[in-house]
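Q: Numbering (the numbering used here), first residue to last: 0 to 556.
1) If we call anything under 8 Å between Cβ atoms a contact, is residue 324 one with residue 129?
2) How would you label residue 559, buried or exposed, when you count the other beta carbons within 10 angstroms and need 16 or more for buried?
3) List the whole-angstrom C-beta distance separating residue 284 from residue 70, where the pair is believed to meet the contact cut-off of C-beta under 8 Å.
4) Since residue 156 and residue 114 are thought to touch, with beta carbons under 8 Å apart, how far apart are those beta carbons, to the nearest angstrom?
5) Just mark residue 247 as buried or exposed, buried being the case when its beta carbon has 16 or more other beta carbons within 10 Å.
6) Which of the three DSSP states, helix, strand or coil, is assigned to residue 572?
7) Per DSSP, what kind of secondary structure is residue 230 in: helix, strand or coil?
8) Mind checking residue 449: buried by the 16 CB within 10 Å criterion, or exposed?
9) Our contact map puts residue 286 next to residue 49 with C-beta atoms below 8 Å; I'd like the distance itself, whole angstroms only.
10) Quick one: any contact between the segment 180-195 and the segment 9-18, if contact means 3 or more CB pairs under 8 Å?
11) Does DSSP put residue 435 in a helix, in a strand, or in coil?
12) For residue 43, which residues in the same chain have their Cβ closer than 6 Å to its Cβ, ignoring the five residues on either side in sequence?
13) Taking its Cβ as the centre, do 16 or more other Cβ atoms sit within 10 Å of residue 371, making it buried, or is it exposed?
14) Less than 8 Å between the beta carbons of residue 148 and residue 64, yes or no?
15) Here's the rule I'm using: 16 or more other beta-carbon atoms within 10 Å means buried, otherwise exposed. How should residue 254 be labelled?
16) Return the first residue and the last residue of the alpha helix (DSSP H) that residue 284 is part of.
17) Which ranges would you report for the alpha helix (DSSP H) in the segment 168-226 if only whole runs of at least 4 residues count?
18) Could you check the C-alpha separation between residue 230 and residue 298 for me, to the nearest Å?
19) Roughly how many whole angstroms lie between the Cα atoms of residue 561 and residue 358?
20) Should residue 185 be labelled buried (16 or more other beta-carbon atoms within 10 Å of its own) or exposed?
21) Decide if residue 264 is buried, meaning its Cβ has at least 16 other Cβ atoms within 10 Å, or exposed.
22) Start and end of the alpha helix (DSSP H) containing residue 323?
23) Short of 6 Å in beta carbon distance, which residues of its chain neighbour residue 208, apart from the five on each side in sequence? Order them along the chain.
24) Contact check, residue 83 vs residue 133 under 8 Å by CB: the rounded distance?
25) State the start and end residues of the unbroken beta strand (DSSP E) segment that holds residue 125.
26) Tell me, to the nearest whole angstrom, how far the beta carbon of residue 410 is from that of residue 343; I am working on the premise that it is less than 8 Å.
27) Check whether the Cβ atoms of residue 430 and residue 387 lie closer than 8 Å to each other.
28) Taking the alpha-carbon positions, what's the residue 191 to residue 211 distance?
29) Based on DSSP bridge pairs, tell me the residues matched to residue 372.
30) What three-state label does DSSP hand residue 382 in the structure shown?
31) Do the CB positions of residue 198 and residue 169 come within less than 8 Å of each other?
32) Could you please give the first and the last residue of the uninterrupted alpha helix (DSSP H) stretch that includes residue 600?
33) Compare the Cα-Cα distances from residue 58 to each of 51, 396, 377, 94 and report the closest residue.
34) Going by CA-CA distance only, name the one from 46, 68, 354, 87 that's closest to residue 104.
35) Provide the residue span of the beta strand (DSSP E) that contains residue 135, from first to last.
36) Please report the residue range of the beta strand (DSSP E) in which residue 82 lies.
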């Protein structure tokens with residue numbers, strides 16, 4: 000392939016990327032690309048802006064990049080930008096480009112820091128760039144802000160995995176030099192998906208902000224945490240420079256001067272800086288496309304044959320034929336139902352080896368997250384003793400009681416039951432969230448992203464409200480007390496009458512105790528208050544959620 004043919008490789012992949020994005024199938028094809036990963040404030044946005052030579056990316060505190068940005072750089076005599084969702088409109092003012100990115104992000108994710116895996120495709124034409132395509136991904140975070148869900152860290156990680164786990168995706172791991180490289184979020188995720196370092200290109204930012212007397216020479220020489228494709232150091236504008244509207248061209252000159260004058264980097268100056276990084280990425284991506292082109296062509300041909308076969312089935316389809324419409328709809332619904340059940344039951348034909356999903360994630364919520372939340376509710380023994388003592392004394396009032404009043408027992412237990420509402424509600428929210436994600440994954444297999452089963456998420460939301468209400472009612476009205484007694488231990492746990500119990504069965508059995516047991520209960524309660532023995536509230540660990548494809552039931556193991 001000649002030089003001209005090599006130069007056309009990146010624009011060719013760009014056209015494929017736009018074509019598949021427009022039909023909602025961009026995640027289904029493993030196109031060769033470079034994904035930019037890094038923690039918040041690692042300097043990812045500054046690196047991309049230095050490539051373009053313009054300020055065009057949103058800035059601020061917290062999560063700024065909330066949707067993947069597919070940035071296609073094309074060398075061209077004139078300078079302007081185009082969005083895939085704004086076909087035919089050319090942006091010559093890059094402040095308007097930033098505003099459009101913010102508006103398009105808010106349109107899908109909302110204005111309170113929500114995230115979405117739906118990418119924004121931006122194409123920048125400029126004489127100052129080399130042909131290059133980069134996917135700017137949200138920075139990894141750990142603390143939710145705004146209306147973000149509690150598992151925002153997991154959601155961002157899941158989004159990143161959709162890109163970085165693909166074999167044809169190169170990783171541009173951006174890490175700041177003024178923090179320990181061993182704790183780099185970018186290198187952690189790169190090592191997880193690319194343990195041999197074959198697909199990872201390291202970028203070290205903020206070299207000018209390191210402590211005096213220290214440098215990153217060992218890192219840049221690829222001696223510490225070596226990568227096959229090596230590291231490139233860059234110096235971005237500081238926040239003070241950005242606030243002062245320092246020109247990017249002037250910043251690039253200052254960067255060059257920094258590497259030439261620094262004693263630790265002087266010998267590496269010709270292999271450092273933004274210009275060198277852009278050149279390396281252009282070469283790496285071009286060679287990567289060339290190497291993956293045969294496999295990509297084979298996969299595209301296979302998909303083309305599959306689509307042509309599907310089109311042939313609908314060749315004689317008449318839009319005005321109700322029977323054909325009904326048949327097609329039933330087939331899609333049936334396929335959706337089968338796929339959904341497989342994902343919940345765990346018997347799907349595609350097994351994710353990188354993270355939990357579907358039924359496995361719901362199982363983890365019940366068996367790990369929920370018990371963990373309950374453990375946090377454990378009362379301090381000293382505090383519990385004091386509460387019991389105060390309850391008994393307040394109920395007796397001015398009188399001196401001989402027996403322990405049952406009202407004291409009920410008051411303490413009711414308060415403990417009330418504490419269970421919040422973790423139960425959190426459990427419901429997490430399960431519903433995973434069910435909605437599973438629904439979306441299933442619909443992507445039978446429909447394009449622009450056409451969704453809109454009633455299913457709506458129904459899921461309404462069922463979530465019903466489930467939350469039912470969960471709270473179980474602990475406010477149908478809860479009961481089950482006591483297990485030994486001479487040195489009074490343990491309390493909570494249960495409710497099994498759904499299959501007949502109305503004619505003993506009322507005492509509905510409470511989990513026989514009459515003789517209740518006599519023992521009050522005997523040991525009186526004995527405990529006189530002897531000062533220990534009270535221990537048994538965790539709900541014995542209460543195990545059993546999930547099937549059709550229902551979720553609580554049982555006592």
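Every residue gets a Cβ at the ideal spot worked out from N, C-alpha and C, and that includes glycine.
Quick caveat: nothing in here was measured; it's all calculated off a predicted structure.
A: To lay it out plainly:
1) no
2) As displayed, the chain neither begins before 0 nor continues past 556, which places residue 559 out of reach and without an answer.
3) That belief does not hold up - the Cβ atoms of residue 284 and residue 70 are roughly 12 Å apart, past 8 Å.
4) With a Cβ gap of about 11 Å, residue 156 and residue 114 do not count as contacting.
5) buried
6) Outside the shown range of the chain (0 to 556) lies residue 572, about which nothing can therefore be said.
7) strand
8) At residue 449, the pLDDT of 41 sits below 50, so the modelled position is not reliable; the number obtained from the coordinates is stated separately. With fewer than 16 other Cβ atoms within 10 Å, it is exposed.
9) In fact, because the Cβ distance is near 23 Å, the residues do not count as touching under 8 Å.
10) no
11) helix
12) 35, 37, 173
13) exposed
14) no
15) buried
16) 273-312
17) 184-192, 216-219
18) 32 Å
19) There is simply no residue 561 to check, as the chain begins at 0 and stops at 556 in what is shown.
20) buried
21) buried
22) 321-344
23) 177
24) Actually they do not touch by this definition, with Cβ atoms about 15 Å apart.
25) 119-125
26) That belief does not hold up - the Cβ atoms of residue 410 and residue 343 are roughly 41 Å apart, past 8 Å.
27) no
28) 33 Å
29) According to DSSP, which records beta bridges pairwise, residue 372 is partnered with nothing at all.
30) helix
31) yes
32) Nothing can be reported for residue 600: it is not among the residues displayed for the chain, which extend from 0 to 556.
33) 94
34) 68
35) 131-135
36) 79-82
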